[in-house]
Structures are given as C-alpha cells and as structure tokens.
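Visitor:
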Amino acid sequence: MSLPVIVTRAEPGAAETAARLAALGYAPIVSPALVVESLPDAPLDMDGIDHLIFTSANGVRAFLARRAVGAETVWCVGDATAAAARQGGGKDVREGDGNAIALARLIIAAPEARTGGLLHVANDTPAGDLVAQLKAAGLDARFAALYRTVPVPALSAAATAALASGPAAVLVHSAKGAAAFRAAVAAAGLDLSGAVIAAISNAAAGPLAGCGAKAIIAAAHPSEAALMAALERGL
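For the sequence shown, the residue numbers in my numbering are 358 to 592.
#1: Report the residue ranges of all beta strand (DSSP E) runs contained in full by the stretch 472 to 546; include only those spanning at least 3 residues, in chain order.
#2: What residue from A493, A419, A526 and T472 has the CA that sits closest to Y504's CA?
#3: Do V434 and G453 have their C-beta atoms within less than 7 Å of each other?
#4: Tell me I465's beta-bridge partners as DSSP assigns them.
#5: Alpha carbon to alpha carbon, what distance is there between L391 and L476?
#6: Using DSSP with H/G/I as helix, E/B as strand and the rest coil, what is D436?
#7: For the putative contact between L588 and T365, defined by C-beta atoms under 8 Å, what is the C-beta separation to the nearest angstrom?
#8: Quick check: G446 and A428, are their CB atoms within less than 7 Å of each other?
#9: Which partner residues of V450 appear in the DSSP bridge assignment?
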C-alpha cells in the first residue's frame, strides 16, 4: 500500500505537487492549509516600471489577472515562478536561486536593474522586505499586494483519517502554511507522532518545532525536487 502524503500547499500548486507525488508512487492527499484570494481592487501603478519582481507563482497569476506582461524584464525567485512567468508571456525572464535574499542579490548586481522602476508583486504579508533591500542599494523599487493567503481552519476528511490511522507524511511549502496546518491539527485533536514532515525550507519548518512529529526534514534547496528528496530522506 502506498504511503499517504498530505499536501498542504495552496491550489493550484497543490495539484501539481500531488501529480509529482503520484508519479513517484505515493498516495497524495490534497488538503491545502491556505487558500489564495485575489485583491482585484488593490492599486497597481505601472508608471515608470520597467522591471517586474515575483517571489511566487501566485504573484504571477495575480498580476496576469490584472494585465499582461509587456516588455518588462521579469525577475523570479526560482524555477517554478519563472516557468509561470514565461507561460504568462514574459520574454525576458531572469531566474533566482530559490529565495528572496538570493533574488535581491541577483537584481542588485545587474546594471540594467538601475534603469527604470522595479515593482515587486506579492501577497499582502510577504516574508521579509525585498523592496527595502533594493531601495537600500539605490534602486527605484515599489510594492504591490495583489493577493492574500488565508488559513484554512480544518484539514480535509482524507487528511484527518490519514493522520489518525498513520503512518503518513506531510509536505509544507511556507511558514504561514505550516502554522495553519499546525493549528488545524490542534483543532482536530490529532497526534503527529506517526507523521514525517518535509518542509521546503528551514523557515517553513520553523512553525512546526515541537509539534511532536516523528521527524521534520527541511529541503536542502527551496524547490519541489529538493522537497521530494527531503521526503525520501525522512522515510
């Protein structure tokens, strides 16, 4: 019998992760800890903007819901975000190494980033302050919150059953998602002692410290491939 693996990632990414897990022989259970909500009335000022910055594929989707990518240079945090940007019509897409710190360094080091304004499109509570880092380096950067992520208060019935019967594994993709998952587990009165949790980064693993899981493993690199490798290491 295949090991059940609970995917806490928000949709539409959860379905992509589930497909990857199924291809590897696991039994994925999609139970998003967060839901993505667009902010259609949020201000989006493109005056003087020659560069777009995305730190998630959700940011790309939120931007494309408002307007198309034109001739702007597009700076993306990692490969999944870059793929979404290219699929959305981005022609000049630059790819970072998987986290916002590395992306900031990439942008600051690029002479062309000092020509024209930069707009970071993200959720309403982004981790870190990428715009502040860019401004401190003398770049003309601003921020637009075009979506938000809202915690889901309860696990799906299938996820609840998998954790109750054990053993099971859990994937977490963000610190906010990890915190929401932990809250949902507590609300259901579930025990995580039979669960192996793989997190996409140390930051994502942080809210799960002391949760009683059998093991918590952080990916060596913030990517889906590294997350799958972390899952394998934990089993």
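Ideal Cβ placement from N, Cα and C applies to all residues, glycine included. Note that the coordinates shown come from a computational prediction; the quantities given were computed from them, not determined experimentally.
Guide: Once the coordinates are examined:
#1: 474 to 480, 498 to 508 and 525 to 529, all fully within the stretch 472 to 546.
#2: Closest by alpha carbon: A419.
#3: Taking the C-beta atoms as reference points, G453 is found nearer than 7 Å to V434.
#4: Beta-bridge pairing links I465 to no other residue.
#5: In this structure, the CA atom of L476 is about 25 Å from the CA atom of L391.
#6: In the structure shown, D436 falls within a helical segment according to DSSP collapsed to helix, strand and coil.
#7: The pair is not a contact, with the Cβ atoms about 13 Å apart (cut-off 8 Å).
#8: No, these two residues do not count as a Cβ contact at 7 Å.
#9: Answer is V431, bridged to V450.
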